[in-house]
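S.K.:
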Amino acid sequence: MTAHLRAFFTATIAKALEVGVATPADVVAHATPEVLAQHLPRPEWTKLLAACLGAARTDPALVVDTVTVPVLCEHVPPTILWACVAKLANRALGRGLVAPPPAVAVMTPVAAAVPVVASAPVAAPAAVAAPAPVAASSSGPVAAPARAGTSDERTADAGRGAPSRGSTVDVPRVARIPEPAPLGDPPSAPRAGSRTGLGARRPQAAAPVPPPSRAPEPRTSRASTATDFEVEADLGGWKKDLEQVDDDQLIDWSQSEETVTSGERLDRKR
Amino acid sequence: MMESGLTQEIFGPADVLRHATPEVLATNLPPELLSKVLASSLAAGSMTPERVLETVTPELLARHLPHDVLWECIAAAAERAGIVGGR
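Here it is as structure tokens:
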């Protein structure tokens, strides 16, 4: 280890201990007894054992105070010292316990991304906006396609009653979440006659659903003719008339004068 | 002999470490033993002669420490016990 590197580690760790960024336990967590046993000279071990045996309490502070930071940095390998410094820095910067932002918010299908987006405002509102730009910028054109859809599109689909998209069930939850910063236009060229940007779409009101119409008859391979259409229309009217007939309108054919074919009155007429 | 003296309380751990000084231990014990001694002391919160000898057993003492040091320990204990008179 060069003198410059040793001086750097010495100053860094000593200052960290001085200002409270690090504790002796942090140092001993890397400069473990095993590391010390391998790299510390025996005279230093003599001092350390003597101090430990003479002290009422043996703790990392005693070890660091006895060995001293310059001696530690002189003998402990730089990789171990760097690991210690890096851990201290990450912790001081608040990165030690925070997981990297998930990239699934944009890349994964909507159904999988919904729980992440929905739970974020409750836990850490500031973390919601951060992952999206990172994921969008890192994924580039791949993340841009509107396969996942914007929230406006999902809302519109829900209004139209689109049943088959997996995100339809959870769409209201997503729609209530305030949108993060606008992502900008997609990289693909806008469609002709459509709106210029997806972010500019306004929420659409649910259109009244028309009564279900009768599904068209499956077409046969035979060419259709005019008679086919007429037969089909007549059947429809016939069915409609059947449904509207009441019981009072039914005729008892066995007693009707128009339909009786035998009896006295009929014979008298004849 | 070291184990028997400790078991029979002819001498105790503190008597052993009075001769097996930190310098002797640091000079003669292998690194893995030094590491165990310090680690166990840090875990327990103190380094006592009893704890040192729990790690550095009499067998290990006899294996790594100079025998004249161990003999001085035994001789001093015998002198304290008053059994050294007939030289």
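In order, the protein sequence lines correspond to chains W and L.
Under my numbering, the residues of the first sequence are numbered 1 to 270, in order.
Under my numbering, the residues of the second sequence are numbered 1001 to 1087, in order.
Note that beta-carbon positions come from the ideal geometry of N, C-alpha and C, so glycine has one too.
Report yes if the CB atom of residue 1052 of chain L is closer than 9 angstroms to the CB atom of residue 1025 of chain L, and no otherwise.
M.R.: yes
S.K.: Locate the alpha helix (DSSP H) running through residue 40 of chain W, then write down its first and last residues.
M.R.: No alpha helix (DSSP H) holds residue 40 of chain W; DSSP gives it neither H nor E.
S.K.: Using a Cβ distance threshold of 8 angstroms, determine whether the stretch 2-12 of chain W contacts the stretch 29-43 of chain W, with at least three qualifying pairs required.
M.R.: no
S.K.: Which term fits residue 1056 of chain L, buried or exposed, when burial requires 16 or more other beta carbons within 10 angstroms of its beta carbon?
M.R.: buried
S.K.: Using only the alpha-carbon positions, how far apart do residue 25 of chain W and residue 67 of chain W sit?
M.R.: 14 angstroms
S.K.: Determine the burial state of residue 1002 of chain L: buried for a count of at least 16 other Cβ atoms within 10 Å of its Cβ, exposed for fewer.
M.R.: buried
S.K.: Around the C-beta of residue 79 of chain W, are 16 or more other C-beta atoms found within 10 angstroms, so that it is buried, or is it exposed?
M.R.: exposed
S.K.: Within the same chain, show all residues whose beta-carbon is closer than 6 angstroms to that of residue 140 of chain W, passing over the 5 residues directly before and after it, in chain order.
M.R.: The predicted position of residue 140 of chain W is uncertain, since its pLDDT is 40 and thus under 50; a value taken from the coordinates is nonetheless stated next. Answer for residue 140 of chain W: no residue qualifies.
S.K.: Pick helix, strand or coil for residue 249 of chain W, following the three-state DSSP scheme.
M.R.: helix
S.K.: Check residue 1001 of chain L in the structure and name its three-state DSSP category.
M.R.: coil
S.K.: Mind checking residue 128 of chain W: buried by the 16 CB within 10 Å criterion, or exposed?
M.R.: Here the model assigns residue 128 of chain W a pLDDT of 43, short of 50, so the residue's position is not dependable, and the following value carries that caveat. By the neighbour-count rule (16 or more Cβ atoms within 10 Å), residue 128 of chain W is buried.
S.K.: Verify the CB distance criterion: does residue 1032 of chain L have a CB-CB separation below 9 angstroms to chain W?
M.R.: yes
S.K.: Given that residue 59 of chain W touches chain L, what residues does it touch there, using C-beta distances under 8 angstroms?
M.R.: Correct list: 1042, 1045.
S.K.: May I ask you to report which of helix, strand or coil DSSP gives residue 1013 of chain L?
M.R.: helix
S.K.: Taking all protein chains shown into account, do 16 or more other C-beta atoms lie within 10 angstroms of the C-beta of residue 77 of chain W, making it buried, or fewer, making it exposed?
M.R.: exposed
S.K.: Less than 6 angstroms between C-beta atoms, sequence neighbours within five positions excluded: which residues of the same chain meet that for residue 60 of chain W?
M.R.: Taken in chain order, the residues that qualify are 24, 25, 28.
S.K.: In whole angstroms, what separates the C-alpha of residue 63 of chain W from that of residue 1076 of chain L?
M.R.: 32 angstroms
S.K.: Determine the burial state of residue 93 of chain W: buried for a count of at least 16 other Cβ atoms within 10 Å of its Cβ, exposed for fewer.
M.R.: exposed
S.K.: Quick one: is residue 34 of chain W near chain L, going by C-beta distance under 9 angstroms?
M.R.: Chain L contact via Cβ: present.
S.K.: Would you be able to state if there are at least three C-beta pairs under 8 angstroms between the stretch 1032-1047 of chain L and the stretch 42-55 of chain W?
M.R.: yes
S.K.: Counting only C-beta atoms, is residue 46 of chain W closer than 9 angstroms to chain L at any point?
M.R.: yes
S.K.: Is residue 31 of chain W near residue 88 of chain W, with beta carbons less than 9 angstroms apart?
M.R.: no
S.K.: Flag this pair as yes or no: are the beta carbons of residue 57 of chain W and residue 1040 of chain L separated by less than 9 angstroms?
M.R.: no
S.K.: Does DSSP put residue 95 of chain W in a helix, a strand or coil?
M.R.: coil
S.K.: Residues in the stretch 1050-1073 of chain L with C-beta within 7 angstroms of chain W's C-beta atoms, listed in sequence order?
M.R.: none
S.K.: Thinking just about the alpha-carbon of each residue, which of L/1050, L/1029, L/1042 is nearest to the one in residue 1061 of chain L?
M.R.: Comparing Cα-Cα distances from residue 1061 of chain L to each of L/1050, L/1029, L/1042, the minimum goes to L/1029.
S.K.: Compute the Euclidean distance between the alpha carbons of residue 84 of chain W and residue 1050 of chain L, then round it to the nearest angstrom.
M.R.: 33 angstroms
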